[in-house]
Structure formats: structure tokens, C-alpha cells
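As given, the protein sequences belong to chains D and S, one line each in that order.
The first sequence begins at 1 in the working numbering and counts up one residue at a time.
The second sequence begins at 297 in the working numbering and counts up one residue at a time.
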Amino acid sequence: MTVERSYVRLAAVAFALFVAWLAMFTVTETDIAIVTLFGRPTRTVADAGLHFKWPFESVMRFDRRLMVYDPGSSEFLTKDKKNLVLGSALAWKIVDPNKFLQTVGDVAGAEMRLHDLVWATLAADIGRVDLTDLLSIEPGRARVQALADQVRSTATVETERRFGVSVVDLQLKRINFPEQNKYAVYARMRAERDRIAKEYRAQGEELALKIRAEADRQRSQLLAEAYRDAEKLKGEGDAEAARVYSQAYGKNPQFYKFLRTLESYKKILNEKTSIILSGNSELLRLLTQGKVPDAH
Amino acid sequence: MLIDVAPPPPASRDWRALLDWRPIAAILIAAYLVSGVYVVSADQQAVVARLGRVVDSRVPSGVHWTWPSPISTVYRLRVRETKRLTLGLDGAEPVNRSQFLTGDRNVLNIRVVVQFAISDPATYLFRAVDVNGLVANATRGALAQVVAGRRVDDLLTTEKVAVQERVQQLAEATVVRYDCGVTLLSVGLDSIVPPDEVVEAFRLVAAAREDGDRIVREAESYANGVVPVARGEAAQKGQEALAYNTQVVNTATGDAARFTGVAAEYAKAPRDTATRLYLETVDEVLPKIDKTIVGTDPKAVDLQFVKKP
């Protein structure tokens, strides 16, 4: 064995390794690969791992992961001619790398086409619904997600057919009025707040009046009832007294009259009274005539 | 190289030289293999891919070995870490990005905080380019959708928790559909306020509500004052009436008893008793009064003298 021969062997081994190297390629989990022969795709490799090819074939790799794209916000017109700014967010991925390679080539190209297609679909779909189909306080009336899904399914059919790209999800993440309408919107909001504020005050006042009126009514009712009961009680007392009196006095009315007259004298005759008494009166007869009354 | 520098060696020396390379090669190979040892710390999990393909998607913490680069690649992930995204109003974004329209066409600025965690490391690593972006979009979309169906007043007050729960449900469903290896832990409405341009009007509504409540409270306190007082007055009247009743009846009974007593005496000796009573009364009455006694013929009296000064 000479040195020259070992060189030749070394070179042969190196060349064999080089060819083997050319015949092998790996595909990672994030990629999908196309094997091309002089630019013409021969097959697609979607399995991650080690793969073999002819040494003169070359490999192109595409990202197969879910990608996020935000096409930005644009103004749209609803069926009832209301301007709305809508912003969407897309989740998309490459499903057919061959088509993708032939039509759009790279992610930026795909995003440009996604933008145009989604914009057009959204514009068409928004134009078919009223504002209340998007914004509504009626349960189940606001169908934002349904609209987004509809746009997505329309768009994905188109993108899969034309670009080998699938729109996995579309979210309407921004729904707003255009900036130039904001002034009017805010004015309306303020007016509405104003009305609600007045309503709160008016409701409070109404309730307060009711409460006061009810209290006043209760008060007069209580007092009236009390008056009624009191007068009744007094009347009963008076009646009872009258009954007691008449029962007592009724037995001897003459004597009552006499006694009562004497009582009256006590009351009606006082210091201010002047009385002229006749000497003939029974009281003074003794005084004026000096006679002892006849004995009976 | 050694072969070139050394004088032409015999065949045996050539073999010896080659033999001398073996331990070096062995050491190099051993060193290469040893470099495949890797450590996964306690808060991490690792994913190992060999020649691009995932061969172990959940390597627990500890010391492990795999084929070194370029054959294998080790991805370490902090799986227990809670990831947190704040969406809207945090300075980084323009204000109108955080604006949402309510069902009754009001504009609200909403900031939402979403928390999520890695549930499947391999999926998290290889299924999506921008997981944070996906989670953010799912949350925003859910929020826009839920807010579009609610009243502004409900959103600002009573429905906050319900909205939060609904947004989380919807966002979670979307994230599950993305299959990007994460689980949504929570969605929180961090801040929900009207835009600066109208915030004053909203404040006035709150003030008005306070006013309304105050007016009602005042009326209630009036009622609480008036009714018991009236009740007291009524009770007083009742007591007075009762007192009157008792008094008149007792007075009557007393008077009647007295009369009956006197009448009984009178019945025994009517004339004497009458005279006595009469004279007693005269005794009591006459001393106090101004008396003029005239002669026996009262008709002859000139009453002019009564009008004395």
C-alpha cells in the first residue's frame, strides 16, 4: 500500500460521503418540503425527519405553521348605508406548497393577496347586512361571528383553489365608527346620557313624591281614625254619665231641681253680685219682724 | 501534516502512524457523544427533535442524553409559566384600537388581560408562528363580538362578569381550534371606560342616579318622621279620650252617689233637710256678695241708689 493509493481511497470515501450528503435531506416539524428536479417539482414531503432524494434534485422548504396576518382596518358600508370601520385578523397556513410556489412565492405575496381577497369578500358581505345585524341588544341578533365565519369560508375556498393557502380563522377584532363620524357619535352618546340622567332624577323625584304623599296620607288617616275613636269614646263617656245621672236623678226630680238650684246659686253668685233683699223674704222675715215661725 | 514532514517511512511505520490516530479519534468521538448530555431544570420541559422529527415531546426535568447537534435539537420550555397579554389602552397601541362598539351603538374603551399557559410543548413550538398573536386575536374577536350584543350600561355595571365569562368561552373555543398548544386560563376585563370625550356625561349620569337616590332617601326619612309622630298623636288623642271618658263617667257616678245619699237623707225629713240645705247655701253665698236689704214692700224701693259709683 503506497501513500498515493491511500490518498485515492481517502478521496473516494470523501466523494462517496459528499454524494450521500447530497442524497439526504431533513424536514423539520415546522416545514413542508418540495423536491424539485431542475426546477420542476417532483414530490412534496410533509413528514418531518430524514429523507432521501437523487443527489441532483434540490429541496425547497415552506413554513407549514399557522400564521397570523392583520390586514389592518378599513371602512365598509352596510346595507342601510352606515359607515363602519372593521379590522380583521387572519390565521392562515400553506396547504399546497406547489401552488403556493407557483402563484405567490412567499409570505409577503400571500399576505397581499389575502388582504385583497378578504377585503373584497368582507365588503360584499357587509353590504348585505344592516348595522343591527352587527350591533344589537336583542339576544342573538348581533351576528358578528357568523359574518366573520361566512367571510372566512368564502375566502378560503378561493385562496385554497388559487394560492394553495387556507384561511383557518377570521376574527373581526375591530368594529368601530369612522373617525370623522366620532363627533356625531359622541354628541349622540352625550344626549343619551343626558336623557338617562334626567330620567334617574325624575324617577327619584316621582318615587319621593309617592313616598311623601303616602306618608301624609297615613298621617291624616291615623289622625282621622284617632279623632273618630276619641270622639266615640268621649261620646260613650258622656252617654254613660248621662245615664248615671238620669238614673240617680230620675228617682227624685223635685229634689234634684231643688238641689241643683242651690248648686247654681253657689256658682252664679259671687263678689261682683249685688242683691237687693226684701225684708219680707222668708230668710229675713225673722230679722225684720222678730216673729218666731209658726210651729207645725 | 505528519506524513509529509516525516522522512519516507516504511510500511510498518505507516500503519503505526495510522494506529496513533485511533485514540485521538476515540477521544473526539467520546467528547462528541458526551456533548449530547443536557439538563432540563425543574420549571422546564424539553422537546427533542432528531433530524427534524420530534422523537420525545415531553422530557421531564433532570439530566438526559440525546444525539448531539446536528443530529438532535433540544428545545427547552418553561411550561409552568403563566403567560399574560394586555390588550388595549396600554400606551403601545393607539387608543382607537382598544375601542369597541356596544349593542346600543356606544363607544367604549376596553382593556383586557388574557392569561394562558403551554399545554402541549411540541405543538406550541411547531404549530404556529406567533402564538401570542393568535391568542390576542382570538380574545379581541370574542370581545368585539360579545360587546356588540350588549347594552353600554350593562357592560359598565351588572354584566361585567357575565361578559368576561362569555369572552373567555368564545376565545377558548377559537384557541382550541387553532391547536397551538396553549390553554386559556382567564380573560379579565381590566378596564372598561367610556372615551374621554364623553366620560363626563357618564359621570353626570352616575351623579344623577345618586341624586335620585338621595331624593328618595330624603322622602323616606320624611315619611319615617311623619308617620310615627302621627301615630303618637293618635295614641295621645286616644288616651285623652279615654281619660275624658273615665273622668265624666266617674264624675257622674260620684255625683249620682252623692245625690242618692242626700236624697236618702231628704226622704227621711224632707222639710228639715231642704231648709238645712237652703240655709247652708245661703251661708255660703251671701257673705261674699253685696247685699241691700229693703223694707217689707219691695215695690216702694227706688232702685236708683243701686247705681252708685
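Just so it is clear, CB atoms sit at the ideal spot from N, CA and C, and this is done for glycine as well.
According to the neighbour-count rule (16 or more other Cβ atoms, all chains shown, within 10 Å of its Cβ), is residue i buried or exposed?
i          : result
Leu-66(D)  : buried
Ala-11(D)  : exposed
Gln-441(S) : buried
Trp-317(S) : exposed
Phe-498(S) : buried
Met-297(S) : With a pLDDT of only 41 at Met-297(S), under 50, the local geometry of the prediction cannot be trusted, and the value read off the model is given with reservation. Met-297(S) comes out exposed.
Ala-197(D) : buried
Ile-275(D) : exposed
Ser-337(S) : exposed
Ala-553(S) : exposed
Glu-29(D)  : buried
Val-410(S) : buried
Trp-21(D)  : exposed
Gln-289(S) : What is shown of chain S runs 297 to 605, which leaves residue 289(S) out entirely.
Ser-136(D) : buried
Ala-467(S) : buried
Val-590(S) : buried
Lys-173(D) : buried
Phe-163(D) : buried
Gly-387(S) : Unreliable positioning characterises Gly-387(S) in this predicted model, as indicated by a pLDDT of 47, which lies under 50. A coordinate reading is not provided.
Tyr-183(D) : exposed
Pro-605(S) : Because Pro-605(S) sits at a pLDDT of 46, beneath the cut-off of 50, its placement in the model cannot be relied upon, and the following sentence gives the value as read from the coordinates. Looking at its Cβ environment, which holds fewer than 16 other Cβ atoms inside 10 Å, Pro-605(S) is exposed.
Do residue j and residue i come within 7 Å of each other at the CB atom, strictly closer than that value?
i          : j          : result
Ala-342(S) : Val-333(S) : no
Ala-418(S) : Ser-357(S) : no
Lys-569(S) : Glu-561(S) : The sequence given here places Thr at residue 569(S); Lys does not occur at that position. Yes, Cβ-Cβ distance for Thr-569(S) and Glu-561(S) is below 7 Å.
Tyr-227(D) : Ala-548(S) : no
Val-129(D) : Lys-79(D)  : yes
Ala-526(S) : Leu-222(D) : yes
Ile-511(S) : Ile-406(S) : no
Asn-402(S) : Val-457(S) : no
Thr-479(S) : Ala-413(S) : yes
Thr-288(D) : Gly-279(D) : yes
Thr-156(D) : Val-167(D) : yes
Gly-534(S) : Ala-230(D) : yes
Tyr-186(D) : Glu-493(S) : yes
Ala-345(S) : Thr-362(S) : no
Tyr-202(D) : Val-545(S) : A quick correction: the sequence has Ala, not Tyr, at residue 202(D). Cβ atoms of Ala-202(D) and Val-545(S): not closer than 7 Å.
Phe-56(D)  : Met-24(D)  : no
Gly-237(D) : Asn-520(S) : no
Val-383(S) : Val-351(S) : Here the sequence assigns Leu to residue 383(S), which means Val is not the residue at that position. For Leu-383(S) and Val-351(S), no; Cβs fall outside 7 Å.
Gly-399(S) : Gly-445(S) : yes
Ala-432(S) : Leu-381(S) : yes
Ala-502(S) : Tyr-200(D) : no
Asp-426(S) : Val-68(D)  : yes
Gly-508(S) : Asp-416(S) : no
Below 8 Å on the Cβ atoms is my guess for residue i versus residue j; work out the distance and round it to an integer in Å.
i          : j          : result
Phe-555(S) : Ala-248(D) : 5 Å
Val-443(S) : Leu-397(S) : 7 Å
Asp-134(D) : Ile-175(D) : One point to set straight first is that residue 134(D) is Leu, not Asp, in the sequence displayed. Indeed they touch by this definition, with Cβ atoms about 6 Å apart.
Arg-349(S) : Ala-146(D) : Going by Cβ atoms, the distance from Arg-349(S) to Ala-146(D) rounds to 40 Å, so no, they are not a contact pair.
Arg-219(D) : Val-522(S) : 5 Å
Leu-90(D)  : Pro-71(D)  : 7 Å
Tell me the DSSP bridge mates of residue i?
i          : result
Phe-38(D)  : For Phe-38(D), which the question treats as bridged, DSSP gives no partner whatsoever.
Glu-75(D)  : Val-85(D)
Thr-369(S) : Ala-345(S)
Ser-278(D) : Val-590(S)
Gln-171(D) : Ala-89(D)
Met-67(D)  : Trp-92(D)
Trp-361(S) : Val-333(S)
Leu-122(D) : Answer by DSSP bridge pairing: none, since Leu-122(D) is not bridged.
Arg-61(D)  : Ala-33(D)
* May I ask you to list, following chain order, the residues of the region 453–473 of chain S that have a beta carbon less than 7 Å from some beta carbon of chain D? => Going along the region 453–473 of chain S in chain order, one finds Thr-470, Arg-473 with a Cβ nearer than 7 Å to chain D.
* Asked: Going along the region 108–130 of chain D in order, which residues come within less than 7 Å of chain S, judged by CB to CB distance?
  -> Look at the region 108–130 of chain D: it has no residue with a C-beta under 7 Å from a C-beta of chain S.
* With 9 Å as the C-beta to C-beta threshold (strictly closer), list the residues of the region 573–587 of chain S near chain D in chain order. => Residues passing the 9 Å Cβ filter: Leu-573, Tyr-574, Leu-575, Glu-576, Thr-577, Val-578, Glu-580, Val-581, Leu-582, Lys-584, Ile-585, Asp-586, Lys-587.
* With 9 Å as the C-beta to C-beta threshold (strictly closer), list the residues of the region 26–39 of chain D near chain S in chain order. => Of all residues in the region 26–39 of chain D, Thr-26, Val-27, Thr-28, Glu-29, Thr-30, Asp-31 have a Cβ within less than 9 Å of some Cβ in chain S.
* Residues of the region 499–522 of chain S with Cβ closer than 7 Å to any Cβ of chain D, in chain order -> So the list reads Leu-500, Val-501, Ala-504, Arg-505, Asp-507, Gly-508, Asp-509, Ile-511, Val-512, Glu-514, Ala-515, Glu-516, Tyr-518, Ala-519, Val-522, given in the order they occur along the chain.
* Asked: the region 553–570 of chain S: which residues have C-beta closer than 7 Å to a C-beta of chain D, in chain order?
  -> For the region 553–570 of chain S, the residues whose beta carbon sits under 7 Å from a beta carbon of chain D are, in order, Phe-555, Thr-556, Val-558, Ala-559, Tyr-562, Ala-570.
* Asked: In chain order, what residues of the region 366–379 of chain S put their CB closer than 8 Å to some CB of chain D?
  -> Of all residues in the region 366–379 of chain S, none has a Cβ within less than 8 Å of some Cβ in chain D.
* Asked: Which of the residues in the region 344–366 of chain S, read from start to end, lie with their CB under 7 Å from any CB of chain D?
  -> Residues of the region 344–366 of chain S with a C-beta atom less than 7 Å from some C-beta of chain D are Ala-345, Leu-347, Gly-348, Arg-349, Val-350, listed in chain order.
* To do: Return the residues of the region 541–552 of chain S that lie within a Cβ-Cβ distance of less than 8 Å from chain D, sorted by chain order.
  => If the cut-off is 8 Å between Cβ atoms, the region 541–552 of chain S has Asn-541, Thr-542, Gln-543, Val-544, Val-545, Thr-547, Ala-548, Thr-549, Asp-551, Ala-552 near chain D.
* To do: Output, in sequence order along the chain, the residues in the region 410–423 of chain S whose CB is closer than 8 Å to any CB in chain D.
  => If the cut-off is 8 Å between Cβ atoms, the region 410–423 of chain S has Ala-418, Leu-421, Phe-422, Arg-423 near chain D.
* To do: Using a Cβ-Cβ cut-off of less than 8 Å, list which residues of the region 156–182 of chain D approach chain S; keep chain order.
  => Of all residues in the region 156–182 of chain D, only Val-168, Asp-169, Gln-171, Leu-172, Lys-173, Arg-174, Ile-175, Asn-176, Phe-177, Glu-179, Lys-182 come within less than 8 Å of chain S when Cβ atoms are compared, listed by chain position.
* **Residues from the region 431–443 of chain S in contact with chain D, defined by Cβ distance under 7 Å** => Listed in chain order, the positions of the region 431–443 of chain S with a beta carbon within less than 7 Å of a beta carbon of chain D are Asn-433, Ala-434, Arg-436, Gly-437, Ala-440, Gln-441.
* Closer than 7 Å, Cβ to any Cβ of chain S: which residues of the region 267–290 of chain D, in chain order? -> So the list reads Leu-269, Asn-270, Glu-271, Thr-273, Ser-274, Ile-275, Ile-276, Leu-277, Ser-278, Gly-279, Asn-280, Leu-283, Leu-284, Thr-288, given in the order they occur along the chain.
* Going along the region 248–259 of chain D in order, which residues come within less than 8 Å of chain S, judged by CB to CB distance? -> Going along the region 248–259 of chain D in chain order, one finds Ala-248, Tyr-249, Lys-251, Asn-252, Phe-255, Tyr-256, Phe-258, Leu-259 with a Cβ nearer than 8 Å to chain S.
* Asked: Taking any Cβ of chain D, which residues in the region 392–408 of chain S have a Cβ under 9 Å from it, in chain order?
  -> Using a CB distance below 9 Å, the part of the region 392–408 of chain S facing chain D consists of Asn-392, Arg-393, Gln-395, Phe-396, Leu-397, Thr-398, Gly-399, Asp-400, Arg-401, Asn-402, Val-403, ordered along the chain.
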